[in-house]
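Student: Just dropping this structure here.
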Amino acid sequence: MCRSDRARGEGLRIYLVDPHDTLPGELWGNSRAVLLAEYLSRAGHTVVWWASAFSHNSKTFRATDWEDRRVSAGLTVRIVPVPGYSRHVSLARLWSLWLFGWRTYRRAIRDSIRPDCIVLTLPAPGSDLLISGLARRLGIPLVTDLRDLWPELFVAVLPTLLRPAAGILAAPILWCRRVAMRRADGLVAVSQTYLQVARTEAQRPSNDVMVKCIPWGPTFSSGSCDGRAAEFSRMDSGGVVKEPGEIWAIYAGTLGEQYDIPTLLEAARILARTGNEAGIRIVVAGDGPMRQLVEEFTGCDGYEVLRYVGRVDPKCLAGYYGLADIGICPYSADSTVSLPIKAFDCFAAGIPVVSSLRGELERLLREERAGLQYEAGNPKSLAAAIRVLAGDKAKREEAGRNSLKVGERFRSDALYSTFVELIEAVACTRPNSRG
Numbered sequence: 558m559c560r561s562d563r564a565r566g567e568g569l570r571i572y573l574v575d576p577h578d579t580l581p582g583e584l585w586g587n588s589r590a591v592l593l594a595e596y597l598s599r600a601g602h603t604v605v606w607w608a609s610a611f612s613h614n615s616k617t618f619r620a621t622d623w624e625d626r627r628v629s630a631g632l633t634v635r636i637v638p639v640p641g642y643s644r645h646v647s648l649a650r651l652w653s654l655w656l657f658g659w660r661t662y663r664r665a666i667r668d669s670i671r672p673d674c675i676v677l678t679l680p681a682p683g684s685d686l687l688i689s690g691l692a693r694r695l696g697i698p699l700v701t702d703l704r705d706l707w708p709e710l711f712v713a714v715l716p717t718l719l720r721p722a723a724g725i726l727a728a729p730i731l732w733c734r735r736v737a738m739r740r741a742d743g744l745v746a747v748s749q750t751y752l753q754v755a756r757t758e759a760q761r762p763s764n765d766v767m768v769k770c771i772p773w774g775p776t777f778s779s780g781s782c783d784g785r786a787a788e789f790s791r792m793d794s795g796g797v798v799k800e801p802g803e804i805w806a807i808y809a810g811t812l813g814e815q816y817d818i819p820t821l822l823e824a825a826r827i828l829a830r831t832g833n834e835a836g837i838r839i840v841v842a843g844d845g846p847m848r849q850l851v852e853e854f855t856g857c858d859g860y861e862v863l864r865y866v867g868r869v870d871p872k873c874l875a876g877y878y879g880l881a882d883i884g885i886c887p888y889s890a891d892s893t894v895s896l897p898i899k900a901f902d903c904f905a906a907g908i909p910v911v912s913s914l915r916g917e918l919e920r921l922l923r924e925e926r927a928g929l930q931y932e933a934g935n936p937k938s939l940a941a942a943i944r945v946l947a948g949d950k951a952k953r954e955e956a957g958r959n960s961l962k963v964g965e966r967f968r969s970d971a972l973y974s975t976f977v978e979l980i981e982a983v984a985c986t987r988p989n990s991r992g
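Every letter in the sequence shown is one number past the one before it in my numbering, and letter 118, counting from 1, is 675.
Printed below as a string of structure tokens:
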């Protein structure tokens, strides 16, 4: 731990710049930023988390002006005022992110106490260029944490006819990302796929010790999942009770355009119409632009199979996972996601995963025999995969045990301790002169 005078045991002062994640105490579980801030605080460091006044998950405002919220002795959340937006993929969201970066830059420049390191969440178009420029101007080491691929994701969700023109918008976003990563002293990514992108764009060698893959990890531990299941059976669960003999398949996450939500709903309809001897129930938890579609569906002929429970707090979420038998990771065929957080929650719960994602997660499930693959956009394929696991207890339980073993390899304590160590190492370095 450094830098210079802070090496004498004071701990580091860290700026965590993340406009996306849920804040401590908000619904939906412990976000990556919450966990990182918690582990940094445990290590004796002081974290100032620059967060958006507009919640991406709930599409509501946390505040209308600047506000500092002291969460603990080691963590202060600094709310940055920004305009809101209604859609995950929109020009309004890009404007909100750019303004977040600009206002953070202007405020941070005036701070009398400089941080020892800045940790910047990517993607954050506009903000990435501004915050990496802030680090360079102040001579502060920078760590970037690549969690998704923009503008690739934006292009993927556009109608086919508009995709060729998307390059006009995508080019400056891609340039900003490259500049930010080239300016970074440390690079982190949530998957090997993303890490290779970061390494290539930042022009870093394969043996660079300041470049690491640190996956999401679960939002809760397997122990809390098991413990919550018994407690949850006595809780108000919104009228959703697991009856004896039922097999629960759970999807918990954003109800957005990049997810295979229509296929999930149609698979529920297929299960309802073609006989459901296995007692399958699909439990959907979450919120997003497709919420109305899900709510309308529950009033139709798939209601007896699909149950929508809305947004839930971390304790309830762990309870649902503790009662679930199968986890679903439904992504569109064009998704840029490689290792989603939903999969790690399934691993922590010890349940097999049914996923549409190609690449890293597909290989992991196949090699570890921890789940099944279905074809994105094909409801018959999804319904069949769920049926296979629901109808074969031995296969389901074996895959669940394998899933739990995978989860042990991705424990949050190990992952975030590694993250903290990287930040400490970067803080001991001189900022690079890239970009």
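Where a beta carbon is used, it is the ideal one built from N, C-alpha and C, also for glycine.
Which term fits D622, buried or exposed, when burial requires 16 or more other beta carbons within 10 angstroms of its beta carbon?
Tutor: Exposed, by the Cβ-count rule.
Student: Rounding to the nearest angstrom, what Cα-Cα distance links R926 and R920 in this structure?
Tutor: Roughly 10 Å separates the two Cα atoms.
Student: Looking at the secondary structure, which residues open and close the alpha helix (DSSP H) in which R599 lies?
Tutor: First-last of the alpha helix (DSSP H) with R599: 589 to 599.
Student: Between which two residues does the alpha helix (DSSP H) holding E500 run?
Tutor: Nothing in the structure corresponds to residue 500, since the chain is present only between 558 and 992.
Student: Between V869 and the rest of its own chain, which residues show a CB-CB distance below 6 Å, the 5 nearest in sequence each way excluded?
Tutor: Excluding positions up to five away in sequence, the list reads A842.
Student: Which residues share a DSSP beta bridge with Y751?
Tutor: DSSP lists no partner for Y751.
Student: May I have the straight-line CA-CA distance separating R660 from L569, to the nearest angstrom?
Tutor: Their Cα atoms are separated by approximately 24 Å.
Student: Buried or exposed: which applies to Q760, given that a residue is buried once 16 or more other Cβ atoms fall within 10 Å of its Cβ?
Tutor: With fewer than 16 other Cβ atoms within 10 Å, it is exposed.
Student: Under three-state DSSP, which class holds A564?
Tutor: Because the pLDDT at A564 is just 46, under 50, the model does not fix this residue reliably, and the value given afterwards should be weighed accordingly. Helix at A564.
Student: According to DSSP, what are the bridge partners of G930?
Tutor: The sequence shown places Gln at residue 930, rather than the Gly named in the question. Per DSSP, S912.
Student: What did DSSP end up calling R626 once you bin it into helix, strand or coil?
Tutor: R626 falls in the strand class under three-state DSSP.
Student: What are the boundary residues of the beta strand (DSSP E) that I804 is part of?
Tutor: Per DSSP, I804 belongs to the beta strand (DSSP E) from 804 to 809.
Student: Expressed to the nearest angstrom, what Euclidean distance is found between the alpha-carbon atoms of D578 and S612?
Tutor: Their Cα atoms are separated by approximately 8 Å.
Student: Between the stretch 633 to 648 and the stretch 670 to 677, can you find at least three pairs of beta-carbon atoms closer than 8 Å?
Tutor: Contact fails: fewer than three Cβ-Cβ distances are below 8 Å.
Student: Taking the Cβ atom as the reference point for each residue, do L946 and P887 lie within a distance shorter than 8 Å?
Tutor: No.
Student: Using 8 Å as the cut-off, can you tell me whether the stretch 733 to 746 makes contact with the stretch 764 to 774, which would need three or more C-beta pairs spanning the two stretches below that distance?
Tutor: Yes, they touch.
Student: Pull up the DSSP beta-bridge partners for G743, would you.
Tutor: V700, per the DSSP bridge assignment.
Student: On a CA-only basis, which of A722, I697, S629, R663 is nearest P708? Give me that one, please.
Tutor: Nearest of A722, I697, S629, R663 to P708, Cα basis: A722.
Student: Applying the criterion that 16 or more other CB atoms from any shown protein chain within 10 Å of the CB defines a buried residue, is R599 buried or exposed?
Tutor: Per the 10 Å Cβ criterion, exposed.
Student: Are the beta-carbon atoms of V628 and W607 separated by less than 8 Å?
Tutor: No, they are not a contact pair.
Student: Three or more beta-carbon pairs under 8 Å between the stretch 894 to 905 and the stretch 963 to 971, yes or no?
Tutor: At 8 Å Cβ cutoff, the stretches touch.
Student: Can you tell me which residues form a DSSP beta bridge with Y572?
Tutor: Answer by DSSP bridge pairing, in chain order: V605, I675.
Student: Leaving out five residues on either side along the sequence, give the residues of the same chain with a beta carbon under 7 Å from the beta carbon of T893.
Tutor: Cβ within range, chain order: D705, L706, E709, L710, A713.
Student: Which partner residues of V841 appear in the DSSP bridge assignment?
Tutor: DSSP lists Y808, Y865 as partners of V841.
Student: Tell me where the beta strand (DSSP E) around G884 begins and ends.
Tutor: That run of the beta strand (DSSP E) goes 883 to 886.
Student: Do A940 and I885 have their CB atoms nearer than 8 Å?
Tutor: No; because the gap between Cβ atoms is not below 8 Å, this pair is not in contact.
Student: Among the candidates D702, T750, E567, whose CA atom is the shortest distance from the CA of L1007?
Tutor: What is shown of the chain runs 558 to 992, which leaves residue 1007 out entirely.
Student: What would DSSP say about F777, mapped onto helix, strand or coil?
Tutor: Three-state result, F777: coil.
Student: Decide if W732 is buried, meaning its Cβ has at least 16 other Cβ atoms within 10 Å, or exposed.
Tutor: Exposed, by the Cβ-count rule.
Student: If we ignore side chains and look at the alpha-carbon of each, how far apart do G690 and E932 end up?
Tutor: Straight-line Cα distance between these residues: approximately 42 Å.
Student: Excluding the five sequence neighbours on either side, which residues of its own chain have a C-beta within less than 8 Å of the C-beta of T855, listed in chain order?
Tutor: Within the same chain, T855 has close Cβ partners L863, R864, Y865.
Student: Quick one: what's got a C-beta closer than 7 Å to R791's C-beta in the same chain, skipping five residues either side?
Tutor: Confidence at R791 is low in this model, with a pLDDT of 43, below 50, so its placement is unreliable and the value that follows should be read with caution. Closer than 7 Å at Cβ, skipping near neighbours: no residue.
Student: For C857, count neighbouring Cβ atoms within 10 angstroms of its own Cβ and tell me buried if that reaches 16, exposed if not.
Tutor: Exposed, because fewer than 16 other Cβ atoms sit within 10 Å of the Cβ of C857.
Student: Looking at the unbroken beta strand (DSSP E) that takes in V637, where does it start and where does it end?
Tutor: Unbroken beta strand (DSSP E) run through V637: 632 to 637.
Student: CB-CB under 7 Å to A890, same chain, minus the five flanking residues each way: which ones, in chain order?
Tutor: Same-chain partners within the cutoff: A933, G934.
Student: Of the residues S938, I839, A971, which one's Cα is nearest the Cα of P775?
Tutor: Comparing Cα-Cα distances from P775 to each of S938, I839, A971, the minimum goes to A971.
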